[in-house]
């Protein structure tokens, strides 16, 4: 990380605005920060190239899309040298949206989204049958009360 | 959910493109789908108003931003009628990015991002001191192997 | 249990037929066992009065009725002398269909039926808020593969 | 479930009466609801054909029959693809009256009825020796405080 | 147990005295109960033959004998059909003084007495290496506060 | 323990015979060891006074006496300074035959004998309601495969 | 840590020798590294002042000193804001040699050294009775197989 | 341990001074205790030969050296007869500074020091891949509040 880009106050303000709405036109950002739209463009490009901005994504309403069921699955491996292989297999299941290597009792800990109980059962069975997985334990979400990284991002840019 | 909007093939294709890059110009989308940019605009607006598209957000590189430490915190409440109150207090801590009401041994299960071990300790102490929280258990992520909802979204739009 | 009724071979055969279909006409039973319908009637009455037959119930398809969600809830009490009081309160929640006093880590273990995840959450919250209940742990059924006491009943009457 | 039968107020009232006593003569139900016995017959038949009414069963006093011992057995499988096979084997043991596929630490969770401690030991040993079962954990019921689906059924028919 | 001996008041009083001191001369017992020593002898013999009295043992001070270390060892078997074989092997280790087949998380639960920590380690290793044993968990006694079946025996003879 | 009695070969042989049958006449022991009965008497007395022999007890058949139900109860205290008080209360319940202060998850670990499931429930409820006890966990014995300190005693006297 | 001292190759070699024997005369170190004893002195002083060398300690044989009993104690606090207070109280017990604030199920995790089981019990009771401590769980060491930081230190100085 | 060296008051005072600073010149110790430096030398040598003093080590500031990450790793073995072999393999990993054979749920319990989360992951993976290790569970230290054996040593020398 030796060569990483230093962000200045202007960069932070640009990020702070894009976080709220990634489609904010650069001209609007430019006007607010009293700089040129070209400068905004250059800086965003710089942050993309440095890998600080890795992309953008929509926040969709999964309940309306019929995917209201969320569960966390803890995975026990047979041997930890299988971690990388199992991760690749997990990534082939689109319903597994996040996966971590963890401390504590599980080797891998992941989050799944499904349509309902029965659909979740099928996904958990697919996970359970990956070679190298010994056993899984599932914890079901009764309600996702909030899922929001924007508060954290704003804090980061304010404290930097 | 009686009055929810029916999405057609065109809507799915629009979503499928925006998921990859929320800044894709509507004119590009229009060209690809052989429709007018105005139609794209109308349809996106309709999906926003129906709450299917709830917003957009940047995908940032937390490691470069100095926030490489991820942990999951399981919370035991004193009484479940405190759930709503505790959730509101958790939401005031920006480092808590996700929080669920769960089944199993925990009442609430949340995800935190911190700079390092010491920072995580302070955040966990803030959580532990919220009124109504009896005890917490923390599981530390040694590596976030993937965190990607796009694969799921594409699958949803293909199967709809 | 000193004064309990002794069941003979005829009683067993009557029970064995009623188990399969509680609405089987006594005349049908009588014909099969080569006894009079009056005898069937007398014997069923005797078993009802002795409390061996405590009633009859329909087997309904809960999925079709919109109650597909089953969970088991383990309850930790603050003090075991509250067991009786808590049981009475649990019995006032119709979604709690079975409740046991158990050994092991739970004081009380019960089964609930709900419409979906959200409904289950509300029922669990009602349970959690009963005075004397310290904490609960929930295990969700992904599929009720079978629920059938008839096999056991037939075995009992064959071995008696 | 597209083609499922819609139940009306009359159906609910019929079910509500049969739940209390499956042997209630259709003429009694007809008199109460001011309809003909033939109508009752037609409607019950319709609900049976639609699979809403799946049968009827006696409620027996297991203690009087010498089967006072109840336990819940949590099963850990070696691999989840064995679930279906293990379920079929469990169903061949009449003392296993209910079996679920579950989330949490167990793969399968079932209920057994036995005569006493020693009998329970033999049943648990039979379960433990099914191929594909890795380990079981047993929780013994000290008292079945209530086991009654009628309260739930009445509620369902009142809220429908 | 059909042919088991009925104990009367005299038998109970004899047992009650022998429990306190197994070496109490039969003449002393006879004098106290106003019966002949021969009667005492006949009755004790009868209870021995019926298997009610299975023997007698000294209560020694293990601490003075250098065996102050007590631990309970929970055993997980690979397969429960190995229970009988493992029990026979456990019985060959004199330091294992009690062994049970249990419900809950362990298959077998036993008590060991050793000289000290290091000696206990060796005994636990002997247990761990018996074929069919998968894993053990040990709970160490910091103090055996009481170990006394006499209170129970007196109660039994008073309530019979 | 500075002033504790040294046991010699003769003492060991006397103990070895009394362990098998505490009622063995001293004259029999004397004959076998080629010493006088008076010497046996003196030595036994010496060992009793030194506290090595603390008494003797009958081994009864609890199943025949109607006490076939054995359970181990793990106790969590509110505060460990209550240990002594709770132990005194436990000792007042004759069905609690052994009690230890332990390491691991429980503060106190005890063994109970009861007539059956229902009786055990009442005893566990008595324990749960002792002041200072927070919670208990019960593990039920399905079979006491052996309970025999004689093998250990013989080994001790052979190795001394 | 901005102003922290940079260690060079010479510093590493000095540390590498002192780690093996803190009493190594500086003249010996000087001779080996072909520098003056004064240079060694200056560099050690610099590292002491920078806090890199915080002191030195003897490695004693605890078994010979009568302190052979080692246990790890996990502590559950009532509230985490008591952590600092409890740590100060723990530090007043000399038998507690190490204490950590931890993730996972315990709030504090510490190591104790005692003479034997009974002594350990008294130390654990002292810990349990500190205000703010809710409960403890103890894990006993059957053998400290190795306890040696020198290998790590050598590796650190070789890789720096 | 029959032939072990008896330490007298002078020995204790010498140890008490060396504990504070292992480099304290023997002439300083001699002056304080009003004995000759030669006597100090002889006594230290005697204690080294008897193995009471097994060496000395520096107390370094691991945080400054870049090794701020501490974790405890609990190890489950496949079979306990592998304990010795696994211990030898663990000792080849310098980051494993302490290792114990333990009671309770783990077979081996060890402490590791690493640079950060990612480094810890690699060390844990190295441990997990040792032959004979079935599974590990890791508990991360958020802060090493104290690590100090001097208080214990002083107490030992004062009470001896």
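Protein chains in written order, with our numbering: chain A, 1 to 160; chain B, 161 to 320; chain C, 321 to 480; chain D, 481 to 640; chain E, 641 to 800; chain F, 801 to 960; chain G, 961 to 1120; chain H, 1121 to 1280.
Using N, Cα and C, we set each Cβ at its ideal position, and we do this for glycine too.
According to the neighbour-count rule (16 or more other Cβ atoms, all chains shown, within 10 Å of its Cβ), is residue 301 of chain B buried or exposed? Answer is buried; the Cβ neighbour count reaches 16.
Would you verify that the beta carbon of residue 312 of chain B is, or is not, closer than 8 Å to some beta carbon of chain A? yes
Among B:224, B:254, B:285, B:317, which has the Cα closest to the Cα of residue 6 of chain A? B:224
Per DSSP, what kind of secondary structure is residue 1150 of chain H in: helix, strand or coil? helix
What does the alpha-carbon distance come out to for the pair residue 937 of chain F and residue 875 of chain F? 7 Å
Measure the C-alpha to C-alpha separation of residue 217 of chain B and residue 312 of chain B and round it to an integer number of angstroms. If I take the Cα positions, the gap works out to 17 Å.
Under a Cβ-count criterion, where at least 16 other Cβ atoms within 10 Å of its own Cβ denotes burial, should residue 170 of chain B be classed as buried or exposed? exposed
Candidates B:168, B:180, B:174, of which the one nearest residue 310 of chain B by Cα: B:180
Check whether the segment 1226–1243 of chain H touches the segment 1137–1151 of chain H, counting contact only when three or more Cβ pairs, one atom from each stretch, lie closer than 8 Å. no
Just the Cα atoms here: how many angstroms apart are residue 1158 of chain H and residue 1076 of chain G? Here the alpha carbon of residue 1158 of chain H sits roughly 36 Å from the alpha carbon of residue 1076 of chain G.
On a Cα-Cα basis, can you pick out the residue from G:1008, G:1060, G:1011, G:1030 that is closest to residue 1078 of chain G? G:1030
Just by C-beta distance, which residues in the segment 297–310 of chain B are closer than 8 Å to chain G? 297, 298, 299, 300
How about the segment 718–738 of chain E and the segment 821–832 of chain F: do they share at least three Cβ pairs that are nearer than 8 Å? no
Kindly indicate which three-state DSSP category residue 823 of chain F falls into: helix, strand or coil? coil
For residue 884 of chain F, return the contacting residues in chain G, with the cut-off set at a CB-CB distance below 7 Å. Within 7 Å Cβ-Cβ: nothing; residue 884 of chain F doesn't reach chain G, min ~10 Å.
If you run the structure through DSSP and keep just helix, strand and coil, what is residue 1073 of chain G? strand
How close, in whole Å, do the beta carbons of residue 1106 of chain G and residue 1234 of chain H come, if the pair is a contact with beta carbons under 8 Å? Contact flag wrong, Cβ pair sits at about 18 Å.
Local conformation of residue 1129 of chain H per DSSP, three classes: DSSP places residue 1129 of chain H in helix when its eight states are reduced to three.
Cβ of residue 748 of chain E within 8 Å of any chain D Cβ: Taking CB atoms only, residue 748 of chain E has no neighbour in chain D less than 8 Å away.
Rounded separation between residue 607 of chain D and residue 539 of chain D - CA only: 26 Å
Below 8 Å on C-beta distance, what does residue 674 of chain E contact in chain F? The contacting residues do not exist; residue 674 of chain E stays about 22 Å from chain F at best.
According to the Cβ coordinates, are residue 1061 of chain G and residue 1181 of chain H closer than 8 Å? Cβ atoms of residue 1061 of chain G and residue 1181 of chain H: not closer than 8 Å.
Is residue 765 of chain E close to chain H, meaning its C-beta is less than 8 Å from at least one C-beta of that chain? Chain H contact via Cβ: present.
I need the DSSP call for residue 357 of chain C, collapsed to helix, strand or coil. helix
Chain C contacts made by the segment 214–246 of chain B, where a contact means CB separation under 8 Å: Cβ contacts with chain C: 236, 239, 240, 241, 243.
Neighbour flag for residue 769 of chain E against chain H, beta carbons, 8 Å: yes
7 Å Cβ shell around residue 479 of chain C - same chain, five flanking residues per side excluded: none
Taking 6 Å as the limit between beta carbons, can you name the residues of its chain near residue 414 of chain C, skipping five residues before and five after? Hits under 6 Å: none found.
DSSP three-state label for residue 705 of chain E, please. coil
Contact list for residue 775 of chain E against chain H, beta-carbon separation under 8 Å: 1196
Taking the beta strand (DSSP E) that residue 398 of chain C belongs to, which residues open and close that run? That residue, residue 398 of chain C, is in no beta strand (DSSP E); it is neither H nor E in DSSP.
Who are the neighbours of residue 1071 of chain G on chain F, taking C-beta pairs under 7 Å? Result: empty, since nearest Cβ-Cβ is about 14 Å, beyond 7 Å.
Here's the rule I'm using: 16 or more other beta-carbon atoms within 10 Å means buried, otherwise exposed. How should residue 1205 of chain H be labelled? exposed
Classification of residue 827 of chain F by the beta-carbon crowding that lies within 10 angstroms, buried from 16 upward: exposed
Helix, strand or coil, according to DSSP, for residue 120 of chain A in the structure here? helix
Answer yes or no: does any C-beta atom of chain B fall closer than 8 Å to that of residue 1122 of chain H? Unreliable positioning characterises residue 1122 of chain H in this predicted model, as indicated by a pLDDT of 36, which lies under 50. The coordinate reading is nonetheless provided below. Taking Cβ atoms only, chain B never reaches closer than 8 Å to residue 1122 of chain H, which makes this a no.
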